[in-house]
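Inspection log for the structure reproduced underneath, given as structure tokens.
Number of protein chains: 2
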Amino acid sequence: MPINAQLLDNPRSDRVRRIADLSRTKARRKNGRFLIEGPQAVREAVRYSSDVITDIYVAGDEDGIDSDVLADIAQRALDKSADLYIHTATREVIDHISPDAQGVVAVGDIDKLRAGMKAEVEKASSYSRGMRVAAFWQVRDPGNAGTVIRAADAAGCDVVVFVDDCVDMLNPKVIRSTTGSLFHIPVIAMGTNDFFDWMKEQGLDVWAADVYGTRKRKPESLPDVLDHMRGEDHRKDGYAVLFGNEARGLNGKTLEQCQRIVSIPMYGKAESLNLGTSAAIILMSLAFTR
Amino acid sequence: MPINAQLLDNPRSDRVRRIADLSRTKARRKNGRFLIEGPQAVREAVRYSSDVITDIYVAGDEDGIDSDVLADIAQRALDKSADLYIHTATREVIDHISPDAQGVVAVGDIDKLRAGMKAEVEKASSYSRGMRVAAFWQVRDPGNAGTVIRAADAAGCDVVVFVDDCVDMLNPKVIRSTTGSLFHIPVIAMGTNDFFDWMKEQGLDVWAADVYGTRKRKPESLPDVLDHMRGEDHRKDGYAVLFGNEARGLNGKTLEQCQRIVSIPMYGKAESLNLGTSAAIILMSLAFTR
């Protein structure tokens with residue numbers, strides 16, 4: 001039960017600088033470590049992926065940890081894993097590591113996280129029912145990326161795929177925006193061709209979520225698709241929905257590779273909904289048909 | 001066709017200060033005017049509520065308006081209404097009025113907006129089908145308030161009600177977050193008792209959107225409610241869904257006044273969804289059943 005007895009109190013120490021540095025992609029790649037900020041994300045990481053965590057830094061002083069909430073997180077982590085270290089640090093040190101820490105940050109092992117996610121995906125692809133895939137092409141905004149991972153989790157998807165050039169899912173702002181869902185559902189990244197090849201292998205049609213469609217193919221309306229999916233014959237069908245970039249949607253070439261195009265009808269005068277909301281509506285209403 | 005020929009170029013003038021001041025509730029109340037910021041919101045205001053607009057301030061110089069997009073908005077406004085004034089102002093002046101203007105701001109008349117909204121609500125309450133009401137209790141965050149108005153618009157609701165102590169719907173950040181929907185759907189504010197009285201008058205049950213319910217009443221699951229609403233006998237039924245505060249939900253007293261409690265089931269490991277996403281899922285999936 002390794003608790004580091006020594007209080008970390010120097011915000012300018014090399015150690016603190018190295019941890020804070022993990023907010024940058026380059027440092028994550030170099031060190032194979034990533035940051036988990038804030039009580040909610042750290043608590044969910046402890047609950048579902050404690051083996052991934054190497055260290056937890058929690059606010060306190062010589063007398064112990066600052067608050068019951070933080071002490072509880074530390075205790076649960078120790079109960080779960082013999083391999084992680086708890087360090088007490090001053091608020092100043094914690095805030096130096098991350099201004100969004102709210103008193104606690106954890107450091108995770110990227111290879112272990114990815115290995116766990118890979119195993120989850122393999123498990124899902126062996127289910128007797130079809131796999132439920134939420135895919136996002138070129139999602140760039142960290143807040144959006146986190147929101148869509150959370151929506152896919154809530155909708156009971158088996159896997160989230162970040163297709164082509166997306167934001168790094170280990171960006172701390174992405175993790176924060178998932179409110180813990182990054183530790184609930186596997187998220188994997190791959191190129192566009194690899195994605196379509198994999199879906200073909202899995203026997204899944206890819207549905208583009210797209211308002212306009214192409215000149216040749218008008219989108220099907222989501223409620224019609226749902227009516228179809230509610231039919232007894234389709235209850236066990238899997239699905240793979242591909243959402244486009246938050247500003248530009250999907251490009252023509254990617255749309256053409258999709259087997260179907262689905263759009264959310266607008267009933268009032270609004271022109272559209274944003275990516276996070278659209279993804280939540282489509283994925284949750286699909287979940288309602290299962 | 002009143003275009004003000006004189007370029008506004010003094011960001012420290014009284015006029016500019018007075019307009020910028022409309023970002024504050026007090027100044028709006030005192031002057032009976034409100035601010036509409038940015039091309040998207042101003043364009044939708046011009047399209048659907050041009051009679052509300054008194055002035056439009058658009059970025060330009062001695063040679064005219066800055067860009068085709070802005071010139072197009074100004075032209076449409078002039079085509080629509082003989083009563084509004086277009087002013088060209090330097091970018092510096094526009095940015096002084098609002099850092100979120102992106103080259104254009106409009107000033108609207110609060111009484112005219114409210115009168116138009118009141119007429120819309122009266123029209124809706126005379127429909128032969130039931131009224132579709134999206135109500136929000138104590139919504140405090142301007143971004144959330146805007147997002148839920150946009151969702152209610154997309155879902156074809158007839159009216160949005162801000163119940164009890166909500167953020168001012170004329171807060172510029174609310175209007176921006178609606179991406180124009182404030183000019184598509186009437187939004188009215190009232191106290192909790194007035195809301196329940198009005199719904200009773202309309203013959204509408206109020207459904208609380210709530211994850212937990214009370215000790216005596218467990219929430220019904222949204223998909224079950226939708227199955228019921230899809231039945232032929234209920235296609236013309238109206239609905240009134242009441243959503244709680246973004247952090248605290250609905251309080252017990254308000255929950256007790258609702259006839260039904262509805263919750264969105266969670267299929268994965270996520271604990272909940274945020275207010276904006278929950279509202280979009282419930283309102284849109286209800287729209288799919290109509």
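Protein chains in written order, with full-length UniProt numbering: chain A, 1 to 290; chain B, 1 to 290.
Every residue gets a Cβ at the ideal spot worked out from N, C-alpha and C, and that includes glycine.
Note that this is a predicted model, so its numbers are computed, not measured.
- Burial is judged here by how many other beta carbons sit within 10 angstroms of a residue's own beta carbon; A/Gln-138 has at least 16 and is buried.
- For the 8 Å CB-CB criterion, A/Ala-124 and B/Tyr-267 do not form a contact.
- If the five residues before and after A/Asn-144 are omitted, its C-beta is found closer than 7 Å to the C-beta atoms of Glu-246, Leu-275 and Gly-276, all from its own chain and listed in chain order.
- The DSSP assignment places 142-154 and 172-177 as complete runs of the alpha helix (DSSP H) inside the region 139-196 of chain A, in order along the chain (cut-off: 4 residues).
- Using a Cβ-Cβ distance cut-off of 8 Å, the region 231-240 of chain A and the region 116-134 of chain A are in contact, since at least three pairs of beta carbons, one from each stretch, lie closer than that value.
- Of all residues in the region 85-104 of chain B, none is placed with a Cβ closer than 8 Å to any Cβ belonging to chain A.
- Interface annotation for the region 144-159 of chain A against chain B: Thr-147, Arg-150, Ala-151, Ala-152, Asp-153, Ala-154, Ala-155, Gly-156 and Cys-157, criterion Cβ-Cβ distance under 8 Å.
- Look at A/Phe-162: its C-beta is not under 8 Å from any C-beta on chain B.
- Using a 10 angstroms sphere on the CB of A/Gln-102, the tally of other CB atoms reaches 16 or more, which defines it as buried.
- For B/Met-229 and A/Ala-208, the gap between their C-alpha atoms comes out near 28 Å.
- By the neighbour-count criterion, in which 16 or more other beta carbons inside 10 Å mark a residue as buried, A/His-184 falls on the buried side.
- DSSP, read as helix, strand or coil, puts A/Gln-6 in strand.
- Counting only residues of its own chain and dropping the five nearest sequence neighbours on each side, A/Pro-11 has a CB closer than 6 Å to the CB of Glu-92, Val-93 and His-96.
- Residue pairing for B/Glu-37: DSSP places it in a beta bridge opposite B/Val-105.
- The beta-carbon separation of B/Asp-100 and B/Arg-176, rounded to 6 Å, stays under the 8 Å limit for a contact.
- With fewer than 16 other CB atoms across the displayed protein chains lying within 10 angstroms of its CB, A/Val-69 is exposed.
- By the criterion of at least three beta-carbon pairs nearer than 8 Å, the region 12-32 of chain B is in contact with the region 156-175 of chain B.
- Residue pairing by DSSP places A/Leu-242 opposite A/Ala-135 and A/Ala-208 in a beta bridge.
- The beta-bridge partner set that DSSP reports for B/Thr-88 consists of B/Val-58.
- Around the beta carbon of B/Glu-232, a 10 Å sphere encloses fewer than 16 other beta carbons of the protein chains shown; the residue is thus reported as exposed.
- Residues of the region 246-278 of chain A that bring their beta carbon within less than 9 Å of a beta carbon in chain B comprise Ile-264, Pro-265, Met-266, Tyr-267, Gly-268, Lys-269, Ala-270, Glu-271, Ser-272, Leu-273, Asn-274, Gly-276, Thr-277 and Ser-278, in sequence order.
- A straight line joining the alpha-carbon of A/Thr-147 with that of B/Cys-258 spans about 30 Å.
- Using a CB distance cut-off of 8 Å, B/Phe-288 counts as an interface residue toward chain A.
- Under the Cβ distance rule, A/Leu-226 counts among the residues neighbouring chain B, one pair being separated by less than 8 Å.
- At the C-beta level, A/Ile-53 and A/Gly-108 come within 8 Å of one another.
- In terms of Cβ geometry, B/Pro-223 and A/Phe-288 form a close pair [threshold 8 Å].
- DSSP, reduced to helix, strand and coil, places B/Ser-125 within a helical segment of the structure shown.
- The beta carbon of B/Phe-34 sits closer than 7 Å to the beta carbons of Leu-22, Arg-28, Gly-108, Ile-110 and Leu-170 from its chain, once the five residues preceding and following it are set aside; these are given in chain order.
- Beta-bridge partners assigned by DSSP to B/Glu-220: B/Val-262.
- B/Leu-250 is a Cβ neighbour of B/Asp-210, given a cutoff of 8 Å.
- Here B/Gly-276 carries a helix assignment [DSSP, helix/strand/coil].
- Taking a Cβ-Cβ cut-off of 7 Å, the neighbours of B/Ala-280 in chain A comprise Leu-273, Thr-277, Ala-280 and Ile-281, given in sequence order.
- By the neighbour-count criterion, in which 16 or more other beta carbons inside 10 Å mark a residue as buried, B/Glu-37 falls on the buried side.
- Taking the CA atoms as reference points, A/Thr-179 sits about 46 Å from B/Asp-14.
- With a threshold of 8 Å between beta carbons, A/Ile-185 makes contact with chain B.
- Taking C-beta atoms as the reference points, A/Ile-264 and A/Leu-255 fail to come closer than 8 Å.
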